[in-house]
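Participant: The structure's right below; bear with me while I get my questions together.
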Amino acid sequence: MTSPLQVVRSLVAPLTRTRAFRRIGPVVLPPAERFLARISGGRVQLSAILVPSLVLHTTGARSGEPRSTYLMYTPDGDGRAIVAGTSFARDRHPAWTYNLLAHPDAAITVRGRDMRVRASLVEDDGEREAAWDLIQAQWPGYRAYERESGRVVRLFRLQPLA
């Protein structure tokens with residue numbers, strides 16, 4: 001049976017793939033997420049209204065400085081999460097993906113709860129397809145960002161550390 005959330009996602013998802021959203025989203029959403037996080041003590045994320053969302057805390061690949069990024073994630077069983085470096089279909093990989101490649105040990109915050117994770121790049125074609133299937137089941141049409149960007153989007157599996 002289709003849930004109300006799935007219906008809303010299927011209605012909103014096509015809007016997020018428009019040129020207007022890809023132009024406005026990267027400018028408007030990050031400051032809105034930071035503001036909401038500040039006033040809620042990190043417990044509420046704007047994107048989490050529609051999809052599971054987290055804050056990824058990485059170490060800068062070149063700077064070595066701490067970096068935080070708000071991302072949608074897809075649950076992958078046993079506490080794991082998959083994150084996709086779609087970057088609003090831009091033609092360049094987002095900085096956080098370079099950070100994870102250089103420093104795979106990171107942390108995430110989900111609903112105000114912090115957790116240490118280790119990131120691994122999903123490279124195997126069969127594994128990538130399975131990951132995309134999970135992502136697409138959660139957010140219909142999300143893979144269109146990969147086609148429109150003209151690059152192979154980096155997918156990472158985040159494994160919780162004890």
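Note that full-length UniProt numbering has the sequence shown beginning at 1, numbered continuously upward.
Note that beta-carbon positions come from the ideal geometry of N, C-alpha and C, so glycine has one too.
1) Tell me the DSSP secondary structure of VAL122 in three-state form.
2) Considering only residues of the same chain and omitting the five flanking positions on each side of THR97, which have a CB-CB separation below 8 Å?
3) Quick check: GLN138 and THR74, are their CB atoms within less than 8 Å of each other?
4) I'd like the span of the alpha helix (DSSP H) that includes PHE35, first residue to last.
5) Going by the DSSP bridge assignment, what does ALA106 pair with across the sheet?
6) Would you call GLU65 buried or exposed, if buried means 16 or more other Cβ atoms sit within 10 Å of its Cβ?
7) Write down the C-beta distance between SER40 and MET72 rounded to the nearest angstrom, noting that I regard them as a contact closer than 8 Å.
8) Within 10 Å of its beta-carbon, does ILE82 have 16 or more other beta-carbons around it, so buried, or fewer, so exposed?
9) By DSSP's criteria, PHE88 is part of a beta bridge. Which residues make up the other side?
10) Helix, strand or coil, according to DSSP, for ALA81 in the structure here?
11) Return the bridge partner residues of MET72 from the DSSP annotation.
Facilitator: According to the structure shown:
1) In the sequence shown, counting from the first residue as 1, residue 122 sits at position 122. VAL122: coil per DSSP, three-state reduction.
2) On the sequence shown, residue 97 is found 97 positions in, with the first residue counted as 1. Closer than 8 Å at the Cβ level, and outside the excluded window around THR97, lie GLY85, ARG154, PHE156.
3) As a first step, residue 138 is located in the sequence shown; it is residue number 138 there, counting from the start. As a first step, residue 74 is located in the sequence shown; it is residue number 74 there, counting from the start. It is a contact, given that the beta carbons lie within the stated cut-off.
4) Within the sequence shown, numbered from 1, the residue matching residue 35 stands at position 35. Element bounds for PHE35: 19-40.
5) Mapped onto the sequence shown, residue 106 falls at position 106. In DSSP, ALA106 forms a bridge with VAL117.
6) Taking the sequence shown and counting its residues from 1, one reaches residue 65 at position 65. So GLU65 ends up on the exposed side.
7) Here residue 40 is taken as the residue at index 40 of the sequence shown, counted from 1. Here residue 72 is taken as the residue at index 72 of the sequence shown, counted from 1. Not quite, the Cβ-Cβ distance comes to about 18 Å (not below 8 Å), so this is no contact.
8) By one-based count along the sequence shown, residue 82 stands at place 82. Buried: at least 16 other Cβ atoms inside 10 Å.
9) Position 88 of the sequence shown, counted from the start, is the residue given in the question as residue 88. Paired residues: none, contrary to the question.
10) Along the sequence shown, read from residue 1 onward, the residue named residue 81 stands at position 81. Correct three-state label for ALA81: strand.
11) As a first step, residue 72 must be located in the sequence shown, where it is residue number 72. According to DSSP, which records beta bridges pairwise, MET72 is partnered with SER53.
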